[in-house]
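S.K.: I am attaching a structure below and will ask some questions about it afterwards.
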Amino acid sequence: MATKNTEFLPDYDQEHAGAYLSWVLEARGIKKVDFARRCGRTSKTISEIIAGKAPISPETALQFERVLGDSAGYWLQLDARFQLQQARAKERIKSVSAAAMAWAREFPIAEMVKAKFLPSKPKEADLVDTMLRFFGVSSINAFREFWEVRVSPARFKQHNHHEIDQYAVAAWLRQGEILADQIDTAPYDEGNFRVQLDEIRALTRRPWQAIEYELVDLCAKAGVALALVPSLKNTGLRGAAFWAHKDKAVIVLSDRGKYEERFWFAFFHEAAHILLHSKKSIFIDQDKTGTEDRDIEREADAYSAEFLVPENAISSFREMYGEYANDLEQEELEDFAEEIGISPGLLLERLQHEDLIVRNSAHNKTLKRKAQFDCE
Numbered sequence: 023m024a025t026k027n028t029e030f031l032p033d034y035d036q037e038h039a040g041a042y043l044s045w046v047l048e049a050r051g052i053k054k055v056d057f058a059r060r061c062g063r064t065s066k067t068i069s070e071i072i073a074g075k076a077p078i079s080p081e082t083a084l085q086f087e088r089v090l091g092d093s094a095g096y097w098l099q100l101d102a103r104f105q106l107q108q109a110r111a112k113e114r115i116k117s118v119s120a121a122a123m124a125w126a127r128e129f130p131i132a133e134m135v136k137a138k139f140l141p142s143k144p145k146e147a148d149l150v151d152t153m154l155r156f157f158g159v160s161s162i163n164a165f166r167e168f169w170e171v172r173v174s175p176a177r178f179k180q181h182n183h184h185e186i187d188q189y190a191v192a193a194w195l196r197q198g199e200i201l202a203d204q205i206d207t208a209p210y211d212e213g214n215f216r217v218q219l220d221e222i223r224a225l226t227r228r229p230w231q232a233i234e235y236e237l238v239d240l241c242a243k244a245g246v247a248l249a250l251v252p253s254l255k256n257t258g259l260r261g262a263a264f265w266a267h268k269d270k271a272v273i274v275l276s277d278r279g280k281y282e283e284r285f286w287f288a289f290f291h292e293a294a295h296i297l298l299h300s301k302k303s304i305f306i307d308q309d310k311t312g313t314e315d316r317d318i319e320r321e322a323d324a325y326s327a328e329f330l331v332p333e334n335a336i337s338s339f340r341e342m343y344g345e346y347a348n349d350l351e352q353e354e355l356e357d358f359a360e361e362i363g364i365s366p367g368l369l370l371e372r373l374q375h376e377d378l379i380v381r382n383s384a385h386n387k388t389l390k391r392k393a394q395f396d397c398e
């Protein structure tokens, strides 16, 4: 009959096996000299094992088993785990070179902790390893080969691209990947996604706090993982879109600007990338990207604008109010927004974009709602 092994092997940082041997001998009142004789070993050998200067061989482990009762396998595992721990420590020391630390410190660690990208601030000695694990790469060279190409400032074609922190961009995008991977989705279905987008448009009428989880669920039903990632400084990111694999699309959105109107425009912009553009590309979109001349981005912008506030609605508004638009009461804007099925704030934003209502309208404070992702 098999016996259940109840010997405890701790999974935390541990002393070498000799330290445990010393404790056992003391607890049982066995003198080191007597123990050495009973094992057929010299006192010097036992002293070296207790000091952690000599490993435990299989032969020695068998002797310990006969004398003390703990299995030979237990002693060998204790010793092996300690040796592995030492090897890992040496690897950490090797990785924590000046260049490696300089690389790790490029990332906005404090912001990443605050936004829950990282569970806590890593110890200095663990910083390099923590960042490699976060990005899912084995080395700094691997990071450069995979991530720096994806987030190179040159790809954004932004006039102030020198202000873009590519390390912060990489961290934000990676967090989006991590969150998206945790979302279970149905296999992607374009027809279903278009149906869900109609449902999602109706959600714009409700406050952000009331629809956040429903929005993620609606996307997941159509095979799209929606990751909501708090904005980081010096990125200017509003969203990104890419494919995890052929059956799962990913949209990552930022709460940059902290207003619902920006969020919704960005959402439908990224949805356009999923519906209309290459599955092999990754689309990273920023405010003031300087890419307005790119057909793909113009097409995504046009899709988002038209989906939210169709051109025929703008034409109707012009005919109804024309030059008196700036004099409208809040209730009139709310009624028109209800008629076309969107939030008053989104309508106001579009009318301002069309220069039908001034940017500093008093309605900004009452109709435009905040949207900020919860980091808790």
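Heads up, the sequence shown is in the numbering used here, so the first residue is 23 and it goes up one at a time. For every residue, glycine included, the Cβ atom is placed at its ideal position computed from N, Cα and C. Quick caveat, the model's predicted, so the values are computed rather than measured.
Quick check: the Cα distance between Arg227 and Glu361, rounded to an integer number of angstroms?
M.R.: 11 Å
S.K.: Is the distance from the Cβ of Thr207 to the Cβ of Ala262 below 8 Å?
M.R.: Ala262 sits away from Thr207, with the two beta carbons spaced by 8 Å or more.
S.K.: Going by the CB atoms, is the gap between Val89 and Arg50 shorter than 8 Å?
M.R.: no
S.K.: Pairing CB atoms from the stretch 238-258 with CB atoms from the stretch 337-355, are three or more of them under 8 Å?
M.R.: no
S.K.: Kindly list the residues whose CB is nearer than 6 Å to the CB of Glu371, restricted to its own chain and excluding five residues on each side of it in sequence; keep chain order.
M.R.: Glu283
S.K.: Please check the pair Ala247 and Lys268, which I expect to be a contact at CB under 8 Å, by giving their CB distance rounded to whole angstroms.
M.R.: Rounded, the Cβ-Cβ distance is 14 Å, inconsistent with contact.
S.K.: Can you grab the Cα-Cα spacing for the pair Lys255 / Leu106, in whole Å?
M.R.: Per the coordinates, the alpha-carbon of Lys255 lies some 40 Å from the alpha-carbon of Leu106.
S.K.: If you pair each beta-carbon of the stretch 285-299 with each one of the stretch 323-341, do three or more pairs fall below 8 Å?
M.R.: yes
S.K.: In the stretch 53-129, which residue ranges form an unbroken alpha helix (DSSP H) of at least 4 residues, counting only runs that do not cross its ends?
M.R.: 54-61, 65-72, 80-90, 94-117, 120-126
S.K.: Taking all protein chains shown into account, do 16 or more other C-beta atoms lie within 10 angstroms of the C-beta of Pro141, making it buried, or fewer, making it exposed?
M.R.: exposed
S.K.: Which stretch, first to last residue, makes up the beta strand (DSSP E) that contains Asp239?
M.R.: Unbroken run through Asp239 is the alpha helix (DSSP H), 230-243; no beta strand (DSSP E).
S.K.: Looking only at its chain, what residues have a beta carbon closer than 8 Å to the beta carbon of Ile219, apart from the 5 residues adjacent to it on each side?
M.R.: Note that residue 219 is Leu in the sequence shown here, rather than Ile. Cβ within range, chain order: Phe290, Ala293, Phe329.
S.K.: According to the neighbour-count rule (16 or more other Cβ atoms, all chains shown, within 10 Å of its Cβ), is Asp187 buried or exposed?
M.R.: buried
S.K.: Taking C-alpha atoms, which residue in Asn334, Leu373, Glu321, Glu221 lies nearest to Tyr346?
M.R.: The shortest CA-to-CA distance from Tyr346 to any of Asn334, Leu373, Glu321, Glu221 is the one to Leu373.
S.K.: Could you please give me the residues that DSSP links to Lys270 through a beta bridge?
M.R.: According to DSSP, which records beta bridges pairwise, Lys270 is partnered with His267.
S.K.: Touching or not, the stretch 111-131 and the stretch 42-56, by the rule of three or more beta carbon pairs under 8 Å?
M.R.: No, they do not touch.
S.K.: Would you kindly report the start and end of the unbroken alpha helix (DSSP H) that includes Phe289?
M.R.: 282-298
S.K.: Near Val217, what residues of its chain come up, given a Cβ to Cβ distance below 8 Å and the 5 sequence neighbours on each side ignored?
M.R.: Excluding positions up to five away in sequence, the list reads Ala244.
S.K.: On the three-pair Cβ rule with 8 Å, is the stretch 126-133 touching the stretch 148-161?
M.R.: yes
S.K.: Looking at the secondary structure, which residues open and close the alpha helix (DSSP H) in which Ile336 lies?
M.R.: Counting along the chain, the alpha helix (DSSP H) containing Ile336 begins and ends at 333-343.
S.K.: How about Ile336 and Glu376: do their beta carbons lie closer than 8 Å?
M.R.: yes
S.K.: Report the residue from Leu195, Lys143, Lys145 whose alpha carbon sits nearest the alpha carbon of Gly168.
M.R.: With the sequence shown as reference, residue 168 is identified as Phe, and Gly is not the correct amino acid for it. Among Leu195, Lys143, Lys145, the Cα nearest to that of Phe168 is on Leu195.
S.K.: Less than 8 Å between the CB atoms is what I'm expecting for Gln85 and Gly62, so what's the real figure, rounded?
M.R.: 6 Å
S.K.: What three-state label does DSSP hand Lys136 in the structure shown?
M.R.: helix
S.K.: With DSSP as the reference, identify every bridge partner of Val46, one or two as the case may be.
M.R.: BP columns for Val46 are empty, so no partner.
S.K.: Once DSSP output is grouped into helix, strand and coil, what is the label at Asp307?
M.R.: Asp307 falls in the strand class under three-state DSSP.
S.K.: Can you tell which of Ile233, Gly158, Ala120 has its C-alpha closest to the C-alpha of Phe395?
M.R.: Ile233
S.K.: Secondary structure at Ser365, three-state DSSP: helix, strand or coil?
M.R.: coil
S.K.: Hey, quick one: how far does the alpha helix (DSSP H) through Ala249 stretch, first residue to last?
M.R.: Boundaries for Ala249: no alpha helix (DSSP H) harbours it, while the beta strand (DSSP E) harbouring it runs 246-251, taken from the DSSP string.
S.K.: In three-state terms, what does DSSP make of Gly40?
M.R.: helix
S.K.: Suppose you measure from the CA of Trp45 to the CA of Trp97; what does that come to, to the nearest Å?
M.R.: Cα to Cα, Trp45 sits roughly 14 Å from Trp97.
S.K.: Classify Met134 as buried or exposed, calling it buried when 16 or more other Cβ atoms lie within 10 Å of its own Cβ.
M.R.: buried
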